[in-house]
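Each remark here refers to the structure printed beneath this line.
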Amino acid sequence: MLLVSSALAAAPVCGTPLVLDALRGFSAPPHPNMLVPPSHLDGRPTLRAKGKSIYGRHYEHYVETTNFTIDWSDADIDSDVADAAGEALEGAWTAFLREQDWTPPVSSDTYKIWVVLDPDLGMTGYTTEYYTDDFPEGYPVIYLDPSWASQPAFFGALAAHEFMHTLQYALRDWDGTDASEAWYWEASANWASELADPDRDGYQYASEWYADQADLSYDSMTGYHQYGIFVFNAWLEQVQTGAGGMKAVWDLSAVDDSNWRTLLEESTGADATDLWGGFTGAYANGQLAESDLYTAVTTEGALQDGVSGDLPELGTHYYRVRADARVVADGDVVLADSDEHGDVVDVQAGDILGVTAVDASSYVLTVETDADTDADSDTD
Numbered sequence: 055m056l057l058v059s060s061a062l063a064a065a066p067v068c069g070t071p072l073v074l075d076a077l078r079g080f081s082a083p084p085h086p087n088m089l090v091p092p093s094h095l096d097g098r099p100t101l102r103a104k105g106k107s108i109y110g111r112h113y114e115h116y117v118e119t120t121n122f123t124i125d126w127s128d129a130d131i132d133s134d135v136a137d138a139a140g141e142a143l144e145g146a147w148t149a150f151l152r153e154q155d156w157t158p159p160v161s162s163d164t165y166k167i168w169v170v171l172d173p174d175l176g177m178t179g180y181t182t183e184y185y186t187d188d189f190p191e192g193y194p195v196i197y198l199d200p201s202w203a204s205q206p207a208f209f210g211a212l213a214a215h216e217f218m219h220t221l222q223y224a225l226r227d228w229d230g231t232d233a234s235e236a237w238y239w240e241a242s243a244n245w246a247s248e249l250a251d252p253d254r255d256g257y258q259y260a261s262e263w264y265a266d267q268a269d270l271s272y273d274s275m276t277g278y279h280q281y282g283i284f285v286f287n288a289w290l291e292q293v294q295t296g297a298g299g300m301k302a303v304w305d306l307s308a309v310d311d312s313n314w315r316t317l318l319e320e321s322t323g324a325d326a327t328d329l330w331g332g333f334t335g336a337y338a339n340g341q342l343a344e345s346d347l348y349t350a351v352t353t354e355g356a357l358q359d360g361v362s363g364d365l366p367e368l369g370t371h372y373y374r375v376r377a378d379a380r381v382v383a384d385g386d387v388v389l390a391d392s393d394e395h396g397d398v399v400d401v402q403a404g405d406i407l408g409v410t411a412v413d414a415s416s417y418v419l420t421v422e423t424d425a426d427t428d429a430d431s432d433t434d
């Protein structure tokens with residue numbers, strides 16, 4: 055895709071993790087409206103006799119849809135950009151609220167959701183919350199960089215991504231001290247682009263941020279890993295749970311403030327060994343529905359007897375398998391290939407073997423080939 059090279063060079067990422075940090079007081083906001091609403095969002099409703107009202111007053115330029123008001127002040131922004139955003143957002147609204155029964159965004163029963171087009175964000179977009187007496191729990195507002203409209207597939211995926219954040223705010227209390235809270239927000243919002251419109255391929259490039267650094271902790275925010283690990287949700291819904299698996303995690307998060315690893319285990323009834331064993335084997339061996347659009351994993355090289363390593367929690371090393379063999383792990387890790395996972399697996403030539411630390415751990419692998427078995431028999 056043309057998007058891949060240009061987008062990666064520009065690091066097209068959502069700024070919502072920065073919003074969460076700013077809301078919690080962890081860091082200063084890089085964009086002023088992350089915490090402070092623009093003057094048009096003054097909390098004084100523009101009431102309508104029919105249809106949803108506007109919570110505030112319009113910018114100089116705007117396009118309204120059934121559930122959104124898309125506004126901007128820069129006269130150089132073409133209304134076609136707002137139309138494209140509106141189409142993608144209404145599509146996401148239909149998919150998530152009418153077809154998949156997600157909890158609606160706060161304020162959206164009465165007011166249209168604000169979407170502000172701002173070419174000076176310094177990021178593709180973000181979704182924040184503002185607080186008023188009407189909405190002491192916070193109501194969501196989406197910001198989009200209109201320049202990405204030149205890449206329609208990505209822009210549509212971006213709009214769906216940001217809309218997912220409005221649903222997340224309605225469910226999950228972002229406050230707390232867990233510095234890795236945002237990783238699953240982004241992993242979910244990226245996968246939401248697929249759920250909103252399976253025919254639109256504008257986000258899969260992000261798989262590179264997992265595939266090239268799978269050895270990071272599952273909840274790492276380094277190198278945009280949190281966006282790339284949307285592929286875990288792809289596996290979750292295509293293999294482990296079926297449709298609605300990600301929604302079940304978020305619904306549980308509304309009543310349980312545990313970290314995401316615990317929520318994933320509780321919502322699926324599977325422990326991390328089975329979840330990451332299944333995921334890593336399927337991803338590395340091209341067994342997901344859109345594997346041809348995802349980046350192949352970076353490996354540690356060829357599998358050999360005695361290879362070893364150190365990994366953080368649920369981080370993974372991958373190895374190329376050159377010959378059929380039995381692999382035995384020494385360490386708190388789960389092995390996974392194209393067919394099975396466990397502390398002992400039988401691999402086939404051409405497989406990719408994943409080694410994942412259940413908790414931070416070192417490991418050593420013993421590799422027994424047919425030649426080794428024959429040699430042992432001759433010795434006996």
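In the numbering used here, the protein residues as written are 55 to 434. All residues carry an ideal CB built from backbone N, CA and C; glycine is no exception.
Asked                                                                                                                                               : Found
Taking Gly176 as the reference, which of Ala136, Gly69 and Pro99 has the closest Cα?                                                                : Gly69
Roughly how many whole angstroms lie between the Cα atoms of Ala297 and Leu249?                                                                     : 9 Å
In whole angstroms, what separates the C-alpha of Trp239 from that of Ser415?                                                                       : 26 Å
Where do the ends of the beta strand (DSSP E) carrying Arg380 lie?                                                                                  : Ala379 to Asp384
Please tell me whether Gly282 and Ala246 are closer than 8 Å, where the distance is taken between their beta carbons.                               : no
Can you grab the Cα-Cα spacing for the pair Val293 / Val169, in whole Å?                                                                            : 35 Å
Would you mind working out which of Leu101, Met300, Gly385 and Ser307 sits nearest Glu235, comparing C-alpha positions?                             : Ser307
Could you tell me which residues DSSP pairs with Pro444 in its beta bridges?                                                                        : In the structure as shown, the chain begins at 55 and stops at 434. Residue 444 is therefore absent and cannot be evaluated.
Does the beta-carbon distance from Leu347 to Val381 come in below 8 Å?                                                                              : no
In whole angstroms, give me the CA-to-CA distance for Asp72 and His112.                                                                             : Checking the sequence, you will find Leu at residue 72 rather than Asp. So the alpha carbons of these two residues sit roughly 26 Å apart.
Can you check which of these residues, Glu354, Gly140 and Phe150, is closest to Leu198 by C-alpha distance?                                         : Gly140
What residues in its chain sit with their C-beta under 7 Å from that of Tyr184, if we drop five residues either side in the sequence?               : Pro91, Leu95, Gly192, Tyr193 and Val195
Apply the 10 Å Cβ neighbour rule to Val67 and answer buried if 16 or more other Cβ atoms are within range, or exposed otherwise.                    : buried
With a threshold of 16 other CB atoms inside 10 Å of the CB of Asp251, please say whether the residue is buried or exposed.                         : buried
I'd like the span of the beta strand (DSSP E) that includes Leu151, first residue to last.                                                          : Unbroken run through Leu151: none, as it is neither H nor E.
Within 10 angstroms of its Cβ, does Pro163 collect 16 or more other Cβ (buried), or is it exposed?                                                  : Checking the sequence, you will find Asp at residue 163 rather than Pro. Exposed: under 16 other Cβ atoms inside 10 Å.
Taking Asp359 and Val401 to be in contact with their CB atoms under 8 Å, please state how far apart those CB atoms are, rounded to whole angstroms. : Contact doesn't hold; Cβ gap of about 13 Å is too wide.
My output table needs one value for Thr120: the three-state DSSP class, helix, strand or coil.                                                      : coil
Cβ atoms of Ala243 and Val351: under 8 Å apart, would you say?                                                                                      : no
In this structure, what does DSSP give as the bridge partners for Ala411?                                                                           : Val387
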